[in-house]
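Have a look at the structure below, then the notes.
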Amino acid sequence: MTKRVGRQFPVEKPFINIFWDVPYGEGLSVKELSHCCNSCSEEVSRARRKIGLGITLSREENGIWVYNRSSIPIFVNSLTLDSNIDSVPTRVPIEHCLCVFDPIKVADMDYTCNIGNSKGPIDTNSVTISFGKGWGSGYSRMEISSCPCWIEILLAPCR
1 MTKRVGRQFP VEKPFINIFW DVPYGEGLSV KELSHCCNSC SEEVSRARRK IGLGITLSRE
61 ENGIWVYNRS SIPIFVNSLT LDSNIDSVPT RVPIEHCLCV FDPIKVADMD YTCNIGNSKG
121 PIDTNSVTIS FGKGWGSGYS RMEISSCPCW IEILLAPCR
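Number 111 in full-length UniProt numbering belongs to position 111 of the sequence shown; there are no gaps in the numbering.
See below:
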């Protein structure tokens with residue numbers, strides 16, 4: 001489950017749709033990505049099919065927002081949701097949205113004290129999203145890489 005599927009997908013527009021398989025959909029199709037990795041488990045296949053309409057990531061004046069359009073909850077984590085690196089992800093129910101990245105909050109953060117406790121390198125401009133399964137304390141999966149279907153959003157720093 002920790003294997004990367006597909007290439008990085010650069011985005012220039014202020015929004016992107018990430019979905020399972022929508023005919024004539026504009027954005028990133030997880031189904032198309034999964035064609036390069038046909039040897040996935042049944043759990044992974046089942047989770048991917050539940051993505052449906054998926055999510056929309058949108059760059060707004062006050063940050064990056066995620067809109068959950070899928071048929072399952074999503075779980076999201078970033079430094080601006082909780083300044084604790086080892087924090088539990090935030091659950092975003094079906095048809096709800098959440099500001100997942102606040103550039104002003106990141107600029108004002110002193111996260112050097114928390115990074116020392118982390119298990120690896122931390123990208124302060126990233127957001128991780130799992131479809132249907134949470135991770136961390138309180139969940140059976142301790143790391144996002146143990147979730148059957150997840151993505152990492154790498155945001156270019158503001159210049």
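For every residue, glycine included, the Cβ atom is placed at its ideal position computed from N, Cα and C.
- For N62, the closest of P93, K133, C99, E42 by C-alpha to C-alpha distance is C99.
- With contacts defined by Cβ atoms closer than 8 Å, T128 and I144 form a contacting pair.
- Within its own chain, the residues whose Cβ lies closer than 6 Å to the Cβ of N77, once the five positions on either side in sequence are excluded, are P89, T128, listed in chain order.
- Counting other Cβ atoms within 10 Å of its Cβ, A107 stays below 16 and is therefore classed as exposed.
- Residues P14 of the same chain have their beta carbon placed closer than 6 Å to that of R59, with the five preceding and five following residues left out of the count.
- When DSSP states are grouped into helix, strand and coil, L57 belongs to the strand group.
- For L79, the secondary structure class from DSSP, reduced to helix, strand or coil, is coil.
- L81 is the residue among V92, C97, L81 whose C-alpha sits nearest the C-alpha of I104.
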